[in-house]
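Visitor: If you scroll down you'll find the structure; I have some questions about it.
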Amino acid sequence: MDSIIFDLDGTIWDPIDTVLNAWNSRIKEHSQIKRELTRIDFEGTMGLQMHDISKKLFPYLSEDVRVKVITECCETEQGYLKKQGGNLYHNVEEVLNVLSKQYKLYIVSNCQDGYIESFYEFHNLEKYFLDYENPGRTGLSKGENINLIIERNNLSNPIYVGDTEGDLNASRYAGIPFVYAKYGFGQVSDYDEVIEKFDELVKLF
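In terms of numbering that gives the first Met the number 0, the sequence shown is residues 0 to 204.
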């Protein structure tokens, strides 16, 4: 193994409380939306791309209104995350520091462009990662973005760490081992290794 590619939400951090505040502050401007979003609403969207998130959260809105709402919410969200960050899982920086001395580290997340940068900016963790990718920049699926990271960085034996069935499927698509972050947001049907908390990665590798 020469490298570790990480999912972000539910694997490295839990951003939901910050994101929830950002989105609810913005959807108040739209009279078609009758209620505030809840944490349960967001937990059910983890691992999805933005188009699918908008359909799940606002199925009663027309497509053009959904696009407008989701765009506004994502713009607001990035400002909130840059100022407030999210909840890092226990010992994240310590673990990344240890792992980065032996392995090349990367992030591939199903997020919009600018989201990973907001994570980096608030928590000052960019120094541990050599590259990152997301569908907001490429328009590609998570599996395709994993392959892009592998090809761009000439990786020979990477693994992927994530917490959802989508992460599992992306790993299988890319043909690399999958480590299931069981403490995250999702349930998976298969995995090659499993961790109950983030700092177990040090013992695993």
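We put the beta carbon where it would ideally sit given N, CA and C, even for glycine.
For Glu-35, does the three-state DSSP call read helix, strand or coil?
Guide: Taking the first residue of the sequence shown as position 1, residue 35 is located at position 36. Reduced to three states, the DSSP call for Glu-35 is coil.
Visitor: Under 8 Å: do the region 14 to 26 and the region 164 to 182 share three or more Cβ pairs, one atom per stretch?
Guide: no
Visitor: Using a Cβ distance threshold of 8 Å, determine whether the region 70 to 90 contacts the region 118 to 132, with at least three qualifying pairs required.
Guide: yes
Visitor: By a C-beta neighbour count over all protein chains shown, 10 Å radius and 16 as the cutoff for buried, is Val-193 buried or exposed?
Guide: In the sequence shown, residue 193 corresponds to position 194, counting from 1. Result: exposed.
Visitor: Report buried or exposed for Ile-149, applying the criterion of at least 16 other Cβ atoms within 10 angstroms of its Cβ.
Guide: Taking the sequence shown and counting its residues from 1, the one referred to as residue 149 is at position 150. Looking at its Cβ environment, which holds 16 or more other Cβ atoms inside 10 Å, Ile-149 is buried.
Visitor: Quick one: what's got a C-beta closer than 6 Å to Glu-42's C-beta in the same chain, skipping five residues either side?
Guide: Looking up residue 42 in the sequence shown gives position 43. Scanning its chain for C-beta atoms nearer than 6 Å, with the 5 sequence neighbours on each side dropped, one finds around Glu-42 the residues Phe-184, in chain order.
Visitor: Just mark Leu-203 as buried or exposed, buried being the case when its beta carbon has 16 or more other beta carbons within 10 Å.
Guide: Your numbering for residue 203 matches position 204 in the sequence shown. Around the Cβ of Leu-203, a 10 Å sphere holds fewer than 16 other Cβ atoms; the residue is exposed.
Visitor: Comparing alpha-carbon positions, which option in Ser-61, Ser-117, Leu-98 lies nearest Ile-3?
Guide: Numbered from its first residue, the sequence shown carries residue 3 at position 4. Comparing Cα positions, the closest option is Leu-98.
Visitor: Considering only their Cβ atoms, is the gap separating Leu-80 from Pro-134 smaller than 8 Å?
Guide: Within the sequence shown, numbered from 1, the residue matching residue 134 stands at position 135. Within the sequence shown, numbered from 1, the residue matching residue 80 stands at position 81. Not closer than 8 Å, so no.
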